[in-house]
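Taking it in order: structure first as structure tokens, then the write-up.
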Amino acid sequence: STTRTAGSCMNSVRAITLILAVSQPCRTAAFSRPSCTRALMASASTSSAKGAEGFHPSFWNNIAGNYDKTSPKGDAYRDRRLEFLTSKKYLNKDDDVLDFACATGGFAMSISPLVRSVLGIDLADGMIRLAQAKVADDPSSNVAFDDKDIFDPSLDGRRFTVVTALNVFHLLPKPDMFVQRIHALTAPNGLLICETPCMGSKPWYMRTLISLAAMTGLVPQPDFWTKEGIEGIVA
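Quick note on my numbering: the sequence shown kicks off at 152 and runs consecutively.
Pasting the structure below:
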């Protein structure tokens, strides 16, 4: 079983990795654990240009209008994910959450009743406009959205008790650099919740098909992480 307690790991970030079985239509979390995130040697820059390297907002802006379309299996998975996080008490009423790569804000909105505040950030302004529309008519909302990079200097000095990064680490050009930035933005004994498709252990022909689709622009080019690889980055 897992708890929110990180033992004797002082002034560090605990990480929960939700490893997804991408071959299943409904992605099921196959692994979860709290751990201490090591300080990485990569130099973290406050330059948003460096943080955005390799990211193409135009792809995400083009699909923003369809991003919130749901399916019974997708809805069921999102419900199970929220139930898991709630049952393990990973989210508390005194938490201030940074939702990194928040897209249209669906996850941020779903956890907002459980925490004190949520700031969702994403470089795709088309996604952010849709997210902002969800809170536009609620001045008392504890959720805010902004189209900024995680390396944006305006975040310097902020300390979040929880950082969420769902379905983004496999798309980052230098994930160790991002982990170090997340570490800098997280309060002592804070929590990183990372959900990542791990395609590195899939058959070669599946990886080839994904790469071909990326070459045509149908999907962004992912890194083919394994379960052990992503754990090594965040643990």
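Backbone N, C-alpha and C define an ideal beta-carbon position, used for all residues, glycine too.
Presumed contact (8 Å Cβ cut-off) between residue i and residue j, rounded CB distance
| i | j | result |
| --- | --- | --- |
| residue 375 | residue 319 | Not quite, the Cβ-Cβ distance comes to about 15 Å (not below 8 Å), so this is no contact. |
| residue 285 | residue 266 | About 16 Å; that fails the 8 Å criterion. |
| residue 208 | residue 276 | 7 Å |
| residue 248 | residue 302 | In fact, because the Cβ distance is near 18 Å, the residues do not count as touching under 8 Å. |
| residue 351 | residue 380 | 6 Å |
| residue 314 | residue 274 | Not quite, the Cβ-Cβ distance comes to about 16 Å (not below 8 Å), so this is no contact. |
| residue 254 | residue 294 | With 8 Å as the limit, residue 254 and residue 294 do not qualify as a contact, their Cβ atoms being about 13 Å apart. |
| residue 278 | residue 218 | 7 Å |
Residue i in three-state terms, based on DSSP
| i | result |
| --- | --- |
| residue 151 | Outside the modelled stretch of the chain, which goes from 152 to 386, sits residue 151, for which no answer is possible. |
| residue 208 | helix |
| residue 326 | helix |
| residue 214 | helix |
| residue 301 | coil |
| residue 251 | strand |
Between the CA atoms of residue j and residue i - distance to the nearest angstrom
| i | j | result |
| --- | --- | --- |
| residue 348 | residue 241 | 21 Å |
| residue 383 | residue 327 | 10 Å |
| residue 329 | residue 323 | 8 Å |
| residue 378 | residue 358 | 15 Å |
| residue 220 | residue 365 | 22 Å |
| residue 299 | residue 289 | 22 Å |
| residue 369 | residue 333 | 29 Å |
| residue 213 | residue 367 | 15 Å |
Counted within 10 angstroms of its Cβ, other Cβ atoms place residue i as buried (16 or more) or exposed
| i | result |
| --- | --- |
| residue 346 | buried |
| residue 238 | exposed |
| residue 263 | buried |
| residue 355 | exposed |
| residue 271 | buried |
| residue 230 | exposed |
| residue 281 | buried |
| residue 226 | exposed |
| residue 215 | buried |
| residue 373 | buried |
| residue 360 | exposed |
Beta-carbon spacing of residue i, residue j below 9 Å
| i | j | result |
| --- | --- | --- |
| residue 256 | residue 296 | yes |
| residue 268 | residue 233 | no |
| residue 336 | residue 306 | yes |
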